[in-house]
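Student: One structure follows; several queries about it will come next.
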Amino acid sequence: MGKITGAEKQDELPEKVRLLYNAVLQLFEEGTDLADITVSSITGKAGIGKGTAYDYFDSKEELVACALLYVMTQMTEKLLKMLETKENFGEQMACLLDWVEKSFFERNCLNRFLHLLTDNSSIGQLLRQKVDAKEIEQHMPMMLFQRLLKKAASDGEVRTDISLEYMAYTIYSRLAGYVTFLYIEKQEREKREKMRMLVYQGIMKEFAVEG
């Protein structure tokens, strides 16, 4: 198998690549700063030789970007299945906010992913390029939001006078803002609950059809 691009399906990944991805995830969960992560620290955590990483990736940036894409793809697919069990748009948004908070504390990859999508670092630029690839885009949160909104619009639950794309990006930006808030105020439960309610109310007020 040649170099990994990040667009591979789960069943196409070599076992050693899975180990590398899991190692990146573990380093993030342990609170390791991105600048302190090296190929050696990743392969050491994975229990494989450093040279093996370069069989699949040209650089640390490629490895980290692909690992984040892999994690977000898995998280997005699981989240979609969970949201589709909810009865309406309001329940889906409440569930989504609960998931964001839970994921923030359990898997800091969510925070890193959202942050890197908006910064100008080499990894951030690389990650955006990979997300723009069509075979990856369909598994990203933005497409999940558009899918949910399309169904909500057909069910008469959200407005149809504005584009689904605008609504999806607005929800995404509010979730990203909520993640930033959690990063700053993560120890203040009362503040978290109040902010979550404000974000929820903002989304519903702007997009939901009053019934």
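Residues 5 to 215 (this note's numbering) make up the sequence shown, in order.
Virtual Cβ for every residue (Gly too), placed ideally from N, Cα, C.
1) Buried or exposed, going by whether 16 or more other CB atoms sit within 10 Å of the CB of Lys64?
2) Under three-state DSSP, which class holds Val213?
3) Note down, in chain order, each residue of its chain lying with its Cβ closer than 7 Å to the Cβ of Val21, except the 5 sequence neighbours on either side.
4) Is the beta carbon of Val75 closer than 8 Å to that of Leu179?
5) Quick check: the Cα distance between Asp159 and Glu197, rounded to an integer number of angstroms?
6) Going by C-alpha to C-alpha distance, which of Lys195, Leu67 and Leu101 sits closest to Leu38?
7) Helix, strand or coil for Ile207? Go by DSSP, reduced to three states.
8) Counting C-beta neighbours from all protein chains within 10 Å, is the total for Ile207 16 or more, i.e. buried, or is it exposed?
9) Would you kindly report the start and end of the unbroken alpha helix (DSSP H) that includes Ile46?
10) Under 8 Å, do Leu84 and Leu100 count as touching if we go by C-beta distance?
11) Classify Leu202: buried if its beta carbon has 16 or more other beta carbons within 10 angstroms, exposed otherwise.
Tutor: According to the structure data:
1) Its Cβ being crowded by 16 or more others within 10 Å, Lys64 is buried.
2) coil
3) Closer than 7 Å at the Cβ level, and outside the excluded window around Val21, lie Ile8 and Tyr60.
4) Leu179 places its beta carbon 8 Å or farther from that of Val75.
5) 29 Å
6) Leu67
7) helix
8) buried
9) Val43 to Ala50
10) no
11) With fewer than 16 other Cβ atoms within 10 Å, it is exposed.
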